[in-house]
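Written out below as structure tokens is the structure these notes cover.
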Amino acid sequence: MVAQEVNEQDVVALDAQHVWHPYGAFPPSTVPLVVESASGVRLRLRDGRELIDGMSSWWAAIHGYQHPVIDEAATNQLARMSHVMFGGLTHEPAVRLAQTLVGITPQPLQKVFFADSGSVSIEVAVKMCLQYWRSLGRGEKRRLLTWRGGYHGDTFTPMSVCDPDGGMHALWTDILAEQIFAPVPPADFDLEYRDTLAALIRSHAHELAAVIVEPVVQGAGGMRFHDARYLTELRRLCDENDVLLIFDEIATGFGRTGEMFAADHANVSPDVMCVGKALTGGYLTMAAVLCTDLIAHTISAGEAGGLMHGPTFMANPLACAISQASIDLLTARDWRREVDEIEQGLRAGLAPARGLPGVRDVRIKGAIGVIELAGPVPMQLATDAAVKRGVWLRPFRNLVYTMPPFISTPDEVAQIADAMVAVCHAAG
Ligand code: PLP
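Heads up, the sequence shown is in our numbering, so the first residue is 98 and it goes up one at a time.
If you want it as structure tokens, here you go:
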């Protein structure tokens, strides 16, 4: 049976009638564009327009869309099996991918737990840390310390460590686990801030299971960058105070900041690391949690006898095969040069935004470009201004930002930057 085509107006109407969108309401605050297909860096709309994707589908599509190598890996895997349960069974795609991840992440990370999404991987990472301390008879160590301005996902444990200052999860403050917050890390290394962190970690060490942070780049909590030396300090403070360290590399992983992982800017290894988003090159939802042998063995020797977590779609073979192809593709290419060229392109392209009325800051790190405005950007106005210039952007609050696919050409990066500047003009 051939599925019946629904015309564009009907798609939009049905969407508005039945479908929740991220952070969505009914009726939706903006009218979604209908995407028909995507290839390379371009989204093709139902009405025939083409947009360069300046968002890489929220950090994920680093190779763009429909990459022939990843498509082929997916087709080959589909011909074998798309899914099989992971309890009591294993398969080559999972084993290979785990070996690859262990090979490219900091050396102390040796064990891999496959999760369904970034938020779930944070849940797993936190559970690992709490269970580690329980296994050692120190169940009182169950709180987390983080710095303000963070974002770690939308389920309840990640929400408890998101930015608490009027952030997107403010509605739930009264029922979220009470965590410990340090101020937002300054962009530059600051001894006073280091001392604040040290004092907080020391005074709460008896109840702290772990410190959890986004290394070097804070994403959806404010798109802020900070000095990598804070990671070195956190490692030292955690070691001195018997606290575990979790790095959330869900947005920063796989080259985005100019190193394979943001932790590599400081050559620091956390005890637990979460990766997601670009793990599958943006093809499917999957994340992974890596941890040390010590954590895995301590949990395994504890009273539960293992980590009490096992999602139905754990280590989905199709997602594993796709992730493997995505990482192989990345490491085979000169991704550092690609990210560096994007960085240079964004520096040049966003320069005209500096000094515009209403522009508070312009910052660039690796393949990430951010314009911070003094006030909120009206979403529909921003989208319209970017789409008019053939670019897909999704500003939030007072931030107009981009993280282009690594395959973007200098002209495409220039077009994205131009659209961002146009959004600022429109908003100002
Ligand atoms: N952690 C960080 C740093 C993120 O940027 C995100 C998503 O934007 C998440 C966690 C949550 O990942 P997911 O949306 O896959 O649940």
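Backbone N, C-alpha and C define an ideal beta-carbon position, used for all residues, glycine too. Predicted model, so just to flag it, every value in this text is computed and none were measured.
Answer with buried or exposed for residue i, where buried requires no fewer than 16 other C-beta atoms within 10 angstroms of its C-beta.
i      : result
Trp117 : exposed
Ser218 : buried
Ala222 : buried
Ser232 : buried
Ala176 : exposed
Asn104 : exposed
Asp150 : buried
Gly246 : buried
Trp269 : exposed
Met405 : exposed
Arg332 : buried
Ile272 : exposed
Gln421 : buried
Arg139 : buried
Gln228 : buried
Met377 : Here residue 377 is Thr; the residue named in the question, Met, does not match the sequence. Thr377 should be labelled buried.
Arg434 : exposed
Met178 : exposed
Thr254 : buried
Thr202 : buried
Ala267 : exposed
Ala412 : buried
Asp361 : buried
Val340 : buried
Asp213 : buried
Glu189 : exposed
Could you compute how far the alpha carbon of residue i sits from the alpha carbon of residue j?
i      : j      : result
Trp432 : Leu342 : 28 angstroms
Arg291 : Asp336 : 15 angstroms
Leu198 : Ile167 : 17 angstroms
Val497 : Pro282 : 21 angstroms
Val523 : Leu288 : The sequence given here places Ala at residue 523; Val does not occur at that position. For Ala523 and Leu288, the distance between alpha carbons rounds to 40 angstroms.
Gln276 : Gln106 : 46 angstroms
Ala195 : Ala306 : 26 angstroms
Ala191 : Val456 : 46 angstroms
Gly145 : Glu438 : 30 angstroms
Gly442 : Arg430 : 19 angstroms
Leu470 : Gly399 : 50 angstroms
Ser300 : Val308 : 13 angstroms
Trp155 : Val108 : 23 angstroms
Val474 : Gly215 : 27 angstroms
Arg141 : Trp489 : 11 angstroms
Ala529 : Gly355 : Not covered by the structure: residue 529. The range shown for the chain is 98 to 525.
Phe110 : Ser423 : One point to set straight first is that residue 110 is Ala, not Phe, in the sequence displayed. Distance between the alpha carbons of Ala110 and Ser423: 36 angstroms.
Asp458 : Cys226 : 37 angstroms
Pro261 : Ala274 : 12 angstroms
Glu133 : Gly487 : 16 angstroms
Phe410 : Val372 : 17 angstroms
His249 : Asn173 : 34 angstroms
Gly452 : Pro507 : 24 angstroms
Thr187 : Leu427 : 26 angstroms
Ala284 : Phe358 : 19 angstroms
Met182 : Leu478 : 46 angstroms
Arg321 : Glu147 : 30 angstroms
Ser397 : Pro205 : 18 angstroms
Write down the C-beta distance between residue i and residue j rounded to the nearest angstrom, noting that I regard them as a contact closer than 8 angstroms.
i      : j      : result
Ala375 : Phe211 : Contact doesn't hold; Cβ gap of about 16 angstroms is too wide.
Tyr120 : Met256 : Not a contact, Cβ separation roughly 13 angstroms.
Val467 : Gly352 : The Cβ separation is near 18 angstroms, so there is no contact.
Gly184 : Gly407 : 6 angstroms
Met152 : Thr382 : Not quite, the Cβ-Cβ distance comes to about 16 angstroms (not below 8 angstroms), so this is no contact.
Glu237 : His303 : 7 angstroms
Val520 : Pro492 : 6 angstroms
Ala171 : Tyr380 : 7 angstroms
Thr243 : Phe286 : In fact, because the Cβ distance is near 19 angstroms, the residues do not count as touching under 8 angstroms.
Thr127 : Met476 : 5 angstroms
Thr293 : Pro312 : Thr293 to Pro312, Cβ: 18 angstroms. No contact.
Pro129 : Asp112 : 6 angstroms
Asn495 : Gly472 : 6 angstroms
Under a CB-based cut-off of 8 angstroms, is residue i close to chain D?
i      : result
Pro408 : The structure shown contains no chain D; it is built from a single protein chain.
task = Run through the region 132–179 for me and flag every whole beta strand (DSSP E) of 3 or more residues, listed as ranges in chain order.
result = 132–136, 139–142 and 147–150
task = Scan the region 391–449 and note each continuous alpha helix (DSSP H) run of 4 residues or more that stays entirely inside, going in chain order.
result = 414–429 and 432–447
ask   = Below 8 angstroms, can you find three or more Cβ-Cβ pairs linking the region 321–337 to the region 351–368?
value = yes
key: Cβ contact check for the region 105–119 and the region 468–486: 3 or more pairs under 8 angstroms   = Output reads no: the region 468–486 does not touch the region 105–119.
Inter-stretch contact at 8 angstroms, needing at least 3 Cβ pairs: the region 152–159 / the region 495–504 = yes
task = Check whether the region 347–358 touches the region 306–317, counting contact only when three or more Cβ pairs, one atom from each stretch, lie closer than 8 angstroms.
result = Yes: at least three Cβ pairs fall under 8 angstroms.
key: Stretch pair the region 408–428 + the region 458–470: three plus CB contacts closer than 8 angstroms   = no
query = Quick one: any contact between the region 384–400 and the region 200–210, if contact means 3 or more CB pairs under 8 angstroms?
reply = When C-beta atoms of the region 384–400 are compared with those of the region 200–210, three or more pairs fall below 8 angstroms, so the two segments count as touching.
ask   = Quick one: any contact between the region 510–519 and the region 430–448, if contact means 3 or more CB pairs under 8 angstroms?
value = Taking 8 angstroms as the limit for Cβ pairs, the verdict is that the region 430–448 does touch the region 510–519.
task = Scan the region 234–265 and note each continuous alpha helix (DSSP H) run of 4 residues or more that stays entirely inside, going in chain order.
result = 253–257
4-residue-minimum alpha helix (DSSP H) runs that sit fully inside the region 168–232, ordered along the chain = Whole alpha helix (DSSP H) segments, 4+ residues: 189–201 and 215–232.
Those runs of the alpha helix (DSSP H) which lie wholly inside the region 275–362 and span at least 4 residues = 288–301 and 326–338
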